[in-house]
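The sequence shown finishes on residue 214 if you use numbering that gives the first Met the number 0, and the numbering steps up by one all the way, no holes.
Beta carbons: idealized from backbone N, C-alpha and C, even for Gly.
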Amino acid sequence: MIQKPVALYAACFLSFTGVFALSGERDQHTPAPIDFTELMENRTEIDRMNPYEEALLRPRRMTPLPPEKIDSETLWLARAIFSETKRPEEQLLVAWVIRNRVETRYRGRASYQGVVLDPYQFSAFLPGKKTRSFYGSLTPHSAVPGWKTALNIADHVRKSEAVERPFSLETRHFYSERSMVNGRAPRWADGRSPVKHNRPFKVDERRFRFFAGIT
0 MIQKPVALYA ACFLSFTGVF ALSGERDQHT PAPIDFTELM ENRTEIDRMN PYEEALLRPR
60 RMTPLPPEKI DSETLWLARA IFSETKRPEE QLLVAWVIRN RVETRYRGRA SYQGVVLDPY
120 QFSAFLPGKK TRSFYGSLTP HSAVPGWKTA LNIADHVRKS EAVERPFSLE TRHFYSERSM
180 VNGRAPRWAD GRSPVKHNRP FKVDERRFRF FAGIT
């Protein structure tokens, strides 16, 4: 079903203005969750979108950030989320998990580079893996499909106010069932239930599940 421009913009606006409290309670007027894959397929022309909206709705036509405005920490955050997924809505949530780790100094890491390169925490950066070299070599000038979207989302999350957090500060873990051997959950997830994010879009739990309170 094709969405009308006004309805589409309203849905996007709610997504980007933090209409949810950190408790996850929804406003009574909030629309049902949006499937951004379907939304992007049915997108219509909308003027004056901010960079984050454009990352979700126009990933192939968005204006890249000026390289001089991308610092080392934003670059490492972008590398991490780009290594985990190429879907903008999933990159947003993963970026917040990494920011949570930085802000809580999880495992003693207080920088984005430190969190991303923390041994055995992010699969693409495991010692000796070819993916570590590839993703670690990406720069603001790299011409890789989808990379400029990741840079914009990383920049957006780093500069966002804490009230925009999609789940609690203690949400510092996630895993993908599809990438696990035999689909088995990691040991740290045993007996725990995934948390729900407070944004009005859907993420397939087979792709990502997020967890809070793990030490």
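(request) Tell me, please, whether the stretch 75-82 touches the stretch 152-169 by the rule of three or more beta-carbon pairs shorter than 8 Å. (result) yes
(message) When you measure from the CB of residue 77 to every non-hydrogen atom of the ligand MG, does any distance come out below 8 Å?
(response) This structure does not include the ligand MG; it has no bound ligands of any sort.
(request) Identify every residue that forms a DSSP beta bridge with residue 194. (result) Stepping through the sequence shown from its first residue, residue 194 is reached at position 195. In the DSSP output, where bridge partners are listed per residue, residue 194 has 209.
(request) Would you mind reading off the limits of the alpha helix (DSSP H) that contains residue 100? (result) Here the question's residue 100 lines up with position 101 in the sequence shown. Residues 87-102.
(request) Check residue 119 in the structure and name its three-state DSSP category. (result) Your numbering for residue 119 matches position 120 in the sequence shown. Residue 119: coil per DSSP, three-state reduction.
(message) Can you give me the C-alpha to C-alpha distance between residue 68 and residue 114, rounded to a whole angstrom?
(response) Position 69 of the sequence shown, counted from the first residue, corresponds to residue 68. Position 115 of the sequence shown, counted from the first residue, corresponds to residue 114. Each residue's alpha carbon lies about 21 Å from the other.
(message) Here's the rule: buried if 16 or more other CB atoms are within 10 angstroms of the residue's CB, otherwise exposed. What is residue 165?
(response) Start at 1 with the first residue of the sequence shown, and residue 165 comes out as number 166. So residue 165 ends up on the buried side.
(request) Compare the beta carbon distance of residue 133 and residue 172 with 9 Å and say whether it is the shorter of the two. (result) Here residue 133 corresponds to residue number 134 of the sequence shown, with the count starting at 1. Here residue 172 corresponds to residue number 173 of the sequence shown, with the count starting at 1. Result no, Cβ atoms of residue 133 and residue 172 do not sit closer than 9 Å.
(message) Can you look up residue 140 in the DSSP assignment and give me helix, strand or coil?
(response) Here residue 140 corresponds to residue number 141 of the sequence shown, with the count starting at 1. Residue 140: coil per DSSP, three-state reduction.
(request) Examine the Cβ distances between the stretch 182-189 and the stretch 81-99 and report whether three or more of them are shorter than 8 Å. (result) no
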